[in-house]
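If you read the protein sequences in the order shown, they are chains A and B. Here the working numbering is used: the first residue of the first sequence is 22, the next is one more, and so on. Here the working numbering is used: the first residue of the second sequence is 786, the next is one more, and so on. Where is the CB? At the ideal position from N, CA and C, for every residue including glycine. Here the structure is a predicted model, which is why all the values come from computation and not from measurement. Remarks on the structure that follows.
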Amino acid sequence: MRWSAIRPLLWKETRQLGRNRSALLTSSLLPFVILFVAPIQILLSSRLGGSNLNTLRDAPLPGIADLGDPTQLVVQFMYPLLLVLGGLLLPSLTTTYAIVAERERRSLDLLVSLPVTVGEILAAKLLSVLIVTALVGLPYVSVVLALLIVLGVAGPATVPALLVPFLAAVVCSTGIALLLTLLARDFRTANNLNGAFFVPILFLSIGTLTAIGGPARTYVLSAMLLVLAAVAFLVALRWISFERYLE
Amino acid sequence: MADAVIEFEATSKRYRNGTLALDDVSWSIPSGARSCLLGPNGSGKTTSIRLLEGALAATRGRVALFGREVNAPGYGEARRRTGIVPQNAGMYADLTTAEYLELARRLYRRGDVEHALETFGLAEHRNKRLAQLSGGFQRRVVLAVALMSEPELLLLDEPTVGLDPIAAHDVHAYLRTAMAGRTTLLCTHNLAEAEALCDDVIILRGGRVLLHASLESLRERRHPRTRLAALQPADALLAAVRAYGADASLLDGGVVVEMDARRDAPALLRDLLTRGIDVYECVPITATLEDMFLEEVGR
């Protein structure tokens, strides 16, 4: 793959995504609630003492037995889960839109008639999704992380511990969206398949967070998401093949 | 072939669903040729174009552009020397004419967007979304993109399909200018278009090459025919021609005689006049590509 070909395609993709405000709005509204509103609400509840987190602490699951302090429960369990949830939701719709829309409107023939490969076309689409995701998601996450530190809820080590699973979730979601989009023939099917994959991954994330104790839990969760992403990318690019995209 | 611009060498393409689109085909076209790829639906024409584009990989054999095997080192540069007009592609509703041309300029790494907009009469549509343009203007955009980088090779996949006659005429005019001095492969169902724009044909059927020849040699291979019309009924004319000893048949109110008009018609006409047949028309029939195509494909 040549960066000299991917760069102009990236320019095209970001321009198109920027013009599809409805797709952007739909894909960013739920993450806004999950990545921004919910964490701040939980943080405020926890700081104001109005939270019922003690209930969770009193009946601890194996992996969160070490989280006696409600604040730690928020930082090491609830926040990673919310960030993973947001990270999974944010790119999936955009990826599906960017890839399936091209096939549905038959404009793919316009692109492959230019001196680019199908691999470069898909790479540019995935990169554009990651850029849009970063632009939409990272500001929310940054504000929440900054608040945690400024309010003295967590130390600087929390930043990578929360940021890494968020980014891993974004990569995982992008990989799975790519795989499902190559399998699906239309936008609706791709979205339905995405939803079907989303729930097991969420349960897997909860399982990992509750099964692994200590500060390593978010990194183990990140590794699991990255493995899933790698498998999805590998299957999409090798087994499914680009030919399927052109069919 | 040393100077072949396009090469298919023992190439087969089997799709994932088992369809064998190309079956061990070998053909090439040299620099400067204006060739036409003909064939019924499903004969492998679009698959051939997609293999040349690098969008599909051959199952077996070799496909090359300017001597560079598809997707091997050097192929990228060969692709930038090739302009492609895709078949009836869908248009972007979120990209303007100027932006699409700019994308092509960046990918080809040469060309002048403003000049292309002017040349193809697209200047006033520069800020319109591609999907908002009429079919004729959309085809002009695709042609402008294919030609903007001054490519040495043009691949045209059904360039006028779906266009009204005026828009098709418009596109033909652009193509005639564009094809001058350029190696061209035209993939079409439109035999009149192929005949007007190309010098030789490659006929595919069932994924195999049925014929690869120049139009001139194809015409030479056909038996010369002459059309006659007379004031008397066609049946009377036919009987008189047969009485002379020529092989003839009725066609559209006249008679078609299997003979070379220049060599044999004077004697026949003299004979017909003596038999009281008033011939008022004697025209040599030039075989059309349609005749030749139907004959070859129908064999």
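When C-beta atoms of the segment 39 to 58 of chain A are compared with those of the segment 108 to 128 of chain A, three or more pairs fall below 8 Å, so the two segments count as touching. When secondary structure is reduced to three states using DSSP, Glu937 (chain B) falls in the coil class, being assigned neither helix nor strand. Closest by C-alpha distance to Ile227 (chain A), out of A:Ser49, A:Ser66, A:Leu103 and A:Leu247, is A:Leu103. Cβ neighbours of Arg853 (chain B) within its own chain (closer than 7 Å, five residues either side excluded): Gly859, Tyr860 and Ala863. Residue-level contact by beta carbon fails for Ile791 (chain B) and chain A, as no gap is shorter than 7 Å.
In terms of Cα proximity to Tyr1029 (chain B), the closest of B:Gln872, B:Asp1037, B:Asp1049 and B:Gly1038 is B:Asp1049.
Ser134 (chain A) belongs to the set of residues whose beta carbon lies under 7 Å from a beta carbon in chain B. Counting along the chain, the unbroken beta strand (DSSP E) around Gly868 (chain B) starts and ends at Thr867 to Val870. Under the three-state reduction of DSSP output, Ser113 (chain A) falls in the helix class. Of the residues B:Ala878, B:Pro1009, B:Pro871 and B:Leu918, the one whose Cα lies closest to the Cα of Cys972 (chain B) is B:Pro871.
Gly107 (chain A) counts as buried, since at least 16 other C-beta atoms from the protein chains shown sit within 10 angstroms of its C-beta. The beta carbon of Glu935 (chain B) does not come within 7 Å of any beta carbon belonging to chain A, so the residue lies off that interface. For the segment 136 to 153 of chain A, the set of positions with a beta-carbon nearer than 9 Å to some beta-carbon of chain B reads Pro136, Val137, Thr138 and Val139 in chain order. Under the DSSP definition of a beta bridge, His997 (chain B) partners with B:Ile987. For the segment 111 to 135 of chain A, residues whose beta-carbon sits nearer than 7 Å to a beta-carbon of chain B comprise Arg126, Arg127, Ser128, Asp130, Leu131, Val133, Ser134 and Leu135.
About 5 Å separates the Cβ atoms of Ala250 (chain A) and Val192 (chain A), confirming a contact at the 8 Å cut-off.
Contact annotation: the segment 809 to 824 of chain B touches the segment 982 to 995 of chain B, with at least three C-beta pairs closer than 8 Å. Between Arg895 (chain B) and Ser833 (chain B), the gap from beta carbon to beta carbon reaches 7 Å or more.
Judged by their CB atoms, Asn873 (chain B) and Gly947 (chain B) are nearer to each other than the 7 Å cut-off. By alpha-carbon distance to Pro101 (chain A), the top candidate from A:Thr117, A:Thr179, A:Val256 and A:Met22 is A:Thr179. Just measuring C-alpha positions, the residue of B:Ala789, B:Ser820, B:Ala952 and B:Glu792 sitting nearest Ala965 (chain B) is B:Ser820.
Trp32 (chain A): member of the alpha helix (DSSP H) spanning Trp24 to Arg40, first to last residue. For Gly1038 (chain B), same chain residues with a beta-carbon under 8 Å away, outside a window of 5 residues either side, are Ala1014 and Ala1019 in chain order.
Taking C-beta separations shorter than 6 Å and ignoring five residues to either side along the sequence, the partners of Ser194 (chain A) in its chain run Leu109, Pro112 and Ser113, following chain order. For Lys798 (chain B), the three-state secondary structure derived from DSSP is strand. The segment 181 to 192 of chain A and the segment 157 to 172 of chain A touch, with three or more beta-carbon pairs separated by less than 8 Å. Listed along the chain, the chain B residues whose CB falls inside 7 Å of the CB of Arg23 (chain A) are Gly861.
Taking all protein chains in view, the Cβ of Asp130 (chain A) is crowded by 16 or more other Cβ atoms within 10 Å, so the residue is classified as buried.
The continuous alpha helix (DSSP H) containing Thr202 (chain A) extends over residues Thr179 to Leu204.
DSSP assignment within the segment 871 to 926 of chain B yields the following whole alpha helix (DSSP H) runs of 4 residues or more, N-terminal first: 882 to 893 and 898 to 904. For Asp90 (chain A), the closest alpha carbon among the candidates A:Ala205, A:Met245, A:Ala175 and A:Arg28 is that of A:Ala175. Here DSSP, grouped into helix, strand and coil, assigns Glu978 (chain B) to helix.
Listed along chain A are Ser25, Ala26, Pro29, Leu30, Leu135, Pro136 and Val137, each with a C-beta nearer than 9 Å to that of Leu892 (chain B).
Along the segment 872 to 893 of chain B, going in chain order, the ones with a CB nearer than 9 Å to a CB of chain A are Gln872, Asn873, Ala874, Gly875, Met876, Tyr877, Ala878, Asp879, Leu880, Glu884, Tyr885, Glu887, Leu888, Ala889, Arg890, Arg891, Leu892 and Tyr893.
A Cβ of chain A is located within less than 7 Å of the beta carbon of Ile869 (chain B). For His997 (chain B), the closest C-alpha among the options B:Asp985, B:Gly1061 and B:Glu978 is that of B:Asp985.
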